[in-house]
Amino acid sequence: MRVLLFLSAILAAASVDGRTVSVFLQPVTQQIPPSFLAEIDYDLSSPSEPAAQVTGYEAPEISSNDDLVRVGLYDRSSGEWTSSTTVLSAENFSKGYSPHFILTTGPDGKEVLGVGCRGVRIDAGQTRDFGPQVIVQVTGKGKQVELNKPVILSPEGKKVVQEEKTFLQKYWWVLAIGVFLAVSSGGGDQK
Ligand SMILES: *[C@@H]1O[C@H](CO)[C@@H](O)[C@H](O)[C@H]1NC(C)=O
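Residue numbers -18 to -1, 1 to 173, in mature numbering (1 follows the signal peptide of the UniProt record, and there is no 0), belong to the letters of the sequence shown in order.
Structure below.
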């Protein structure tokens, strides 16, 4: 019994839908590699209330001649951006501002498609939530576009809505051939 409880606890822990991603920053005009900016944990196990938090942050050192920086998910080993990136002015990271991130994921929440970022002025009257913040947005499955579907217009130029043919209307001839074969071969087989 103990063992079972232990096992189910392990399974429960493994199935928690939490993920950690690393956000990097790179000055747009300089040929230097992106540097670590923030680590973000997110958990989409309750889709109505996706939870995320910034678990690590390193304020970037930006020299005065960098005016624009790029922010996104970056893979150090392959040297590639793995999400779409945001370009914003370096001022967003200056003193008195706190970065706010938006992660956009695909419908299953597994892949981060894009990272948005803005520096939000820290309001002196506001006593909490000074630190970097993040929200996660899960993009829904979009309605599929129907390609190559002819648009039919009535003589007055209005779009005519055509009813989809039913299965029987489309494939009655298959049934007819089937019936014909059954009847004719059935007759031939008789001894
Ligand atoms: C942050 O960057 C955007 C885009 O470059 C810019 O419009 C905005 O003014 C910047 N905000 C601050 C606080 O510098």
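Cβ coordinates follow ideal geometry from the N, Cα and C atoms, glycine included.
Please report the Cβ distance between residue i and residue j, rounded to the nearest whole angstrom; I am assuming they are in contact, meaning their Cβ atoms lie under 8 angstroms.
i      : j      : result
Thr121 : Thr87  : 7 angstroms
Leu95  : Ser136 : In fact, because the Cβ distance is near 41 angstroms, the residues do not count as touching under 8 angstroms.
Lys140 : Val133 : Actually they do not touch by this definition, with Cβ atoms about 11 angstroms apart.
Spatial neighbours of residue i within its chain, please: CB distance less than 6 angstroms, with the 5 preceding and 5 following residues excluded, ordered by chain position.
i      : result
Val116 : Ile22, Ala34, Val36, Phe83
Gly91  : Leu26, Val120
Tyr39  : Ala20, Pro114
Pro9   : Asp48, Val51
Val118 : Tyr24, Pro32, Ala34, Leu85
Within 10 angstroms of its Cβ, does residue i collect 16 or more other Cβ (buried), or is it exposed?
i     : result
Gly54 : buried
Ser76 : exposed
Asp48 : buried
Ala41 : exposed
Ala72 : buried
Asn74 : buried
Leu70 : buried
Ser80 : buried
Pro16 : buried
Val97 : buried
For residue i, collect the residues of the same chain with a Cβ closer than 7 angstroms to its Cβ; drop the 5 residues on either side in sequence, then sort them by chain order.
i      : result
Thr64  : Leu55, Tyr56, Asp57
Phe18  : Ser4, Phe6, Glu40
Ile159 : none
Ser45  : none
Closer than 8 angstroms by C-beta to residue i: which residues in its own chain qualify, once you throw out the five before and the five after it? Chain order, please.
i       : result
Glu93   : Thr87
Ala164  : none
Leu(-8) : At Leu(-8), the pLDDT of 48 sits below 50, so the modelled position is not reliable; the number obtained from the coordinates is stated separately. Hits under 8 angstroms: none found.
Ser30   : none
Check whether the segment 46 to 64 and the segment 100 to 108 are in contact - that is, three or more C-beta pairs closer than 8 angstroms. In short, these stretches do not touch, since the Cβ pair count stays below three.
What are the uninterrupted segments assigned as beta strand (DSSP E) that are 3 or more residues long and contained completely in the segment 6 to 90, given in chain order? Whole beta strand (DSSP E) segments, 3+ residues: 17 to 25, 33 to 39, 50 to 57, 68 to 71, 79 to 87.
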